Amino acid sequence: MHDLDIAIIGAGFAGLNLAHAVAGHGLRIAVVDKQTACPDIFRAEKIEPAQAELMREHGTLNMRSPRCKPVGKTLSFDGSRLVECDTVEQYGISYADTVNSMRAKLPPDVPVIHAAASEIRPGDRSTILLDSGETIRAKLVVIATGDANQLCKSLGMRRVTKSGLTSLSFGFYIARQDGSDFEFNGFNYFLADNPDKIHYLTIFPIGARMRVNLFTRLSPRSGIVPRLRTNTVETIGELFPNLLAYTGAIELDSQVQVVSTAYYRLRNHHVPGVIVIGDAFQSVSPATGSGLSKVLTDVSVLSNLYRGKWKNMQAVGVEEVKAFYRHQTKAVCDRQSLKSWYYSDFGPNSTRSLLGRLQRRLDFSLQFPASTQT
15 MHDLDIAIIG AGFAGLNLAH AVAGHGLRIA VVDKQTACPD IFRAEKIEPA QAELMREHGT
75 LNMRSPRCKP VGKTLSFDGS RLVECDTVEQ YGISYADTVN SMRAKLPPDV PVIHAAASEI
135 RPGDRSTILL DSGETIRAKL VVIATGDANQ LCKSLGMRRV TKSGLTSLSF GFYIARQDGS
195 DFEFNGFNYF LADNPDKIHY LTIFPIGARM RVNLFTRLSP RSGIVPRLRT NTVETIGELF
255 PNLLAYTGAI ELDSQVQVVS TAYYRLRNHH VPGVIVIGDA FQSVSPATGS GLSKVLTDVS
315 VLSNLYRGKW KNMQAVGVEE VKAFYRHQTK AVCDRQSLKS WYYSDFGPNS TRSLLGRLQR
375 RLDFSLQFPA STQT
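Numbering follows the working numbering, with no gaps: position 350 of the sequence shown is 364.
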């Protein structure tokens, strides 16, 4: 039997940032995850300036991998205009290596229990049953399992989805054919009219290599998807005219990773002693680059609440759970993430009609009125 203050289920970006944020405050904490290491999966690969500041507050920014200097000045192109901007403090990272670094640097008194949580029995001291046969009792259970939904579903929570709010993202490394360095630190190419549900392409360094992220609203069944997988360089050259004028002749330097994301958000989530954070609570459109912002905001709000008002309480009841979800900082961040799904194809250069814009805004307001976000 493990008797804890906080049990964190999930050793991903959300769970490990939370573990570091609340460690060292006299709390009994453990992380539960079946996997012994994070595999090479395609997730967030950039840390933006505001995200870097939150990670610094949580003590995890120096755990990013690779430990490289900021990207610095980046070129942005919309097909006609080229603009240079300074990203200030933006880092390219390997998601898996960063997560594994955070896990390896957990304090000795914050163990990782290698098991899967098979059941949660909520209450003043919630009980977690593990598939190893072990049991955990904790004042607060935090579910940080990403898009895995089994535990939330078993607690009576349900996901709200919306047909058509999907994305398909591609990630791969490139190199110049002549072996020379690229003539920029970073490069963004925005398609002015979002043709064929293609959003934009961004090129940035991860260590000594150049990474490409391509963000789209394509269906996985779209005819162009196989070409992007198998004839990648030629296809992006067709989709993004004059790209090679800035990159030079390039070649693929890795496999192409593809991840499909759909919109969802939890409902019926006010369960005593249990809080859901990050992607387990609500998905984010990858094209916005705000996924880590939502995760880190959840961590910041929750860690501050626990270290402040909740630490000396006997239990985390329903009112405390509601206070987390209704916290102004979290609520604003969540709503911005919701908007990103609805408006990601309505950029300043979009050719969508005014009627189309109004219909999308009305649809969003009816689905998610501000007074019922929690």
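Just so it is clear, CB atoms sit at the ideal spot from N, CA and C, and this is done for glycine as well.
All of these numbers come straight from a predicted model, not from anything done at the bench.
Residue i versus residue j - alpha carbon distance
i    : j    : result
K153 : L306 : 26 Å
Y260 : E197 : 8 Å
D47  : E71  : 24 Å
G361 : Y187 : In this prediction, G361 scores a pLDDT of 42, lower than 50, which makes its location untrustworthy; the coordinate-derived value is nonetheless stated afterwards. Looking at the two C-alpha atoms, the distance is approximately 27 Å.
G237 : T244 : 12 Å
L372 : S146 : Here the model assigns L372 a pLDDT of 49, short of 50, so the residue's position is not dependable, and the following value carries that caveat. Distance between the alpha carbons of L372 and S146 is about 53 Å.
I264 : F254 : 14 Å
L182 : R349 : 22 Å
S108 : I55  : 9 Å
V85  : A162 : 32 Å
A110 : G26  : 9 Å
R151 : A118 : 24 Å
V113 : L32  : 12 Å
Q269 : F201 : 21 Å
G178 : K325 : 42 Å
G262 : S132 : 52 Å
W355 : A301 : 9 Å
L75  : A35  : 12 Å
E103 : N199 : 13 Å
L258 : P219 : 17 Å
L165 : G29  : 15 Å
A332 : A345 : The sequence given here places Val at residue 332; Ala does not occur at that position. The straight-line gap from Cα to Cα measures roughly 17 Å.
E59  : G24  : 19 Å
Q191 : V239 : 24 Å
A66  : G73  : 10 Å
D195 : I61  : 23 Å
V247 : V309 : 33 Å
C52  : H128 : 12 Å
M77  : R223 : 19 Å
K167 : S351 : 22 Å
R366 : P234 : The predicted position of R366 is uncertain, since its pLDDT is 49 and thus under 50; a value taken from the coordinates is nonetheless stated next. One C-alpha to the other measures close to 23 Å.
T38  : A329 : Residue identity differs from the one stated: residue 38 is Gly in this sequence, not Thr. Rounded to whole angstroms, G38 to A329 spans 20 Å at the Cα level.
K323 : G221 : 41 Å
V272 : M327 : 45 Å
G193 : F91  : 24 Å
Nearest neighbour of residue i, chosen from the options [CA to CA]
i    : options                : result
D267 : V290, R225, S79        : R225
Y339 : F204, R95, G292        : G292
I250 : V315, H213, L89, K353  : H213
H16  : L228, S181, T149, K48  : T149
Q342 : V330, L319, N326       : L319
R57  : G185, G287, H284, W355 : G185
D312 : A276, I157, F91        : I157
A64  : L228, S304, N256, L280 : S304
I217 : A28, L89, I20          : L89
P80  : G29, C347, A35, G106   : G106
S274 : T50, E252, M69, S297   : S297
T50  : E103, N76, S115        : S115
L96  : G193, P53, N256        : N256
L215 : T230, Q328, M69, A222  : T230
S314 : Y203, F91, L68, E334   : L68
Y203 : G221, E98, T180, M327  : E98
S299 : T180, E252, L316, V155 : T180
Cβ-Cβ separation, residue j to residue i (assumed contact under 8 Å), whole Å
i    : j    : result
A294 : G170 : Going by Cβ atoms, the distance from A294 to G170 rounds to 15 Å, so no, they are not a contact pair.
A189 : G93  : About 25 Å; that fails the 8 Å criterion.
A130 : L144 : 7 Å
I20  : L41  : 6 Å
R321 : V174 : Not quite, the Cβ-Cβ distance comes to about 31 Å (not below 8 Å), so this is no contact.
L232 : K211 : 5 Å
K87  : D100 : 5 Å
R281 : R172 : 5 Å
Y277 : K176 : 5 Å
Any non-hydrogen atom of the ligand MG closer than 7 Å to residue i Cβ
i    : result
E265 : With respect to the ligand MG, the structure offers nothing, as it holds no ligand at all.
Where are the beta strand (DSSP E) runs, 3 residues long or more, that stay fully inside the region 97-155, in chain order?
Listed in chain order, the complete beta strand (DSSP E) runs (minimum 3 residues) inside the region 97-155 are 131-135, 140-144.
May I have a chain-ordered list of the alpha helix (DSSP H) segments no shorter than 4 residues that lie completely inside the region 282-340?
Runs found: 305-319, 332-340.
Any chance the region 38-55 sits against the region 112-125, with 3 or more Cβ pairs inside 8 Å?
Enough Cβ pairs lie closer than 8 Å, so yes.
Is it a yes or a no for the region 130-138 touching the region 269-286, going by three-plus beta-carbon pairs under 8 Å?
Segments in contact, yes.
What runs of the alpha helix (DSSP H), each 4 residues or longer, lie entirely inside the region 182-259?
If we require 4 residues or more, the alpha helix (DSSP H) runs fully inside the region 182-259 come out as 238-244, 246-253.
Any alpha helix (DSSP H) of 4 or more consecutive residues that is wholly inside the region 45-100
Residue ranges of uninterrupted alpha helix (DSSP H) with 4 or more members, entirely inside the region 45-100 and ordered along the chain, are 63-72.
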